[in-house]
Amino acid sequence: KKADPLRKKSDSRKIALYWLDKGQRRNYLLVVLGIATALRVSDLLSLTWEQVYDFAGKRFKSHLAVKEQKTGKERIIALNRDAKEALKTCFAGGRLKNDTYLFPGGRDKKKPLSRSQAWRIIKDTALCLNIAGRICPHSLRKTLGYHAWRAKKPPVLIMDVYNHSSYDVTKRYLAIDQEDRDNLYKSMDFLRAGKESGRGRKKRAAD
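Written out as structure tokens, the structure is:
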């Protein structure tokens, strides 16, 4: 609950490309899918390749089906372009099996990355890149909803993604702060636009 979303899209790109540039594709995929799916870290780390890739048809799936560990509910998530590109970048073809984890652990590849390892990866990267806020793996889950809110997507859809009972819960969860409110007020600057259109009318009248 205390985690902040990545408020700038540039920070999302920065933290993902940081790992891709280092050749650490697992960590790159962790960031991209963490944002693109808005899954809890426990559900994210348990993902296997058979959930995103059709081995028989040799193609990536359009949707990801996940049974949430916390709620027991099944969620169907459309894999967007960012997710598909990241998956293709990290796909190792014949070396993968159906039950291979997307995010294998450092020592034992048959086990998924631990929550503490994921926490350290995201936290340390944010510190290294001087990204402001309380950034951790849960920040990735919040980022999609935060930018959906900024883009004025229907509140009911954002609530549904997070299984929230009310929009007030969603607003608190997304850590909407005073700066967000300030930006809203400042964006509603309609008098200046009116004055400009007024000058335009006078100019046309003079012509």
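If you count by our numbering, then the sequence shown holds residues 1 to 207, one letter each, in order. We treat Cβ as the ideally placed atom computed from N, Cα and C, and that holds for glycine. Every value quoted in this text rests on a predicted model; they were computed, and no experiment measured them.
Item checked: Distance between beta carbons of ILE77 and LEU64, contact taken as under 8 Å -> 5 Å
Next item on the list: Let me know the alpha helix (DSSP H) ranges lying completely inside the stretch 124-159, each 4 residues or longer, listed in chain order.
Entry: 137-150
Next item on the list: Measure from the C-beta of ARG13 to each C-beta in chain D and report whether the shortest distance is under 8 Å.
Entry: The structure shown contains no chain D; it is built from a single protein chain.
Next item on the list: Return the CA-CA distance between ASP4 and THR89, expressed in angstroms with no decimal places.
Entry: 28 Å
Next item on the list: Going by CA-CA distance only, name the one from ARG59, GLU74, MET159 that's closest to ALA92.
Entry: ARG59
Margin query: Using only the alpha-carbon positions, how far apart do ASP207 and ARG150 sit?
Written below: Unreliable placement is indicated for ASP207, whose pLDDT of 45 sits below 50; the coordinate value is still reported in the next sentence. So the two alpha carbons sit approximately 42 Å from each other.
Notebook entry, point to check: With burial defined as no fewer than 16 other Cβ atoms inside 10 Å of the residue's Cβ, what is the status of ASN27: buried or exposed?
Noted result: buried
Next item on the list: Pick helix, strand or coil for GLU74, following the three-state DSSP scheme.
Entry: strand
Item checked: First through last residue of the alpha helix (DSSP H) which encompasses ALA83 -> 81-90
Next item on the list: For the beta strand (DSSP E) containing LYS67, list its first residue and its last residue.
Entry: 63-67
Next item on the list: Buried or exposed for ALA132, please, with buried defined as at least 16 other CB atoms from any protein chain shown within 10 angstroms of its CB.
Entry: exposed
Item checked: Spatial distance of ARG120 from LEU39 (CA atoms) -> 18 Å
Check: Any idea which residues DSSP pairs ARG59 with across the strands?
Finding: ASP54
Check: Taking contact to mean at least 3 C-beta pairs separated by less than 8 Å, is the stretch 164-178 in contact with the stretch 130-148?
Finding: yes
Notebook entry, point to check: Is it right to say GLY34 is buried, meaning 16 or more other beta carbons lie within 10 angstroms of its own, or is it exposed?
Noted result: buried
Note to self: Mapping the DSSP letters down to three states, classify THR100 as helix, strand or coil.
What the structure shows: coil
Notebook entry, point to check: Cα-Cα, which of VAL156, SER10, ASN80 is closest to ASP168?
Noted result: VAL156
Notebook entry, point to check: Exposed or buried, what is LEU47 when buried is set at 16 or more other beta-carbons lying within 10 Å of its beta-carbon?
Noted result: buried
Item checked: CA nearest to the CA of LEU44, picked from PRO104, TYR146, THR125 -> PRO104
Check: Going by other Cβ atoms of all chains shown within 10 Å of its Cβ, with 16 needed for buried, is CYS128 buried or exposed?
Finding: exposed
Item checked: Rounded straight-line distance, which links the Cα of ASP177 to that of ASN183 -> 10 Å
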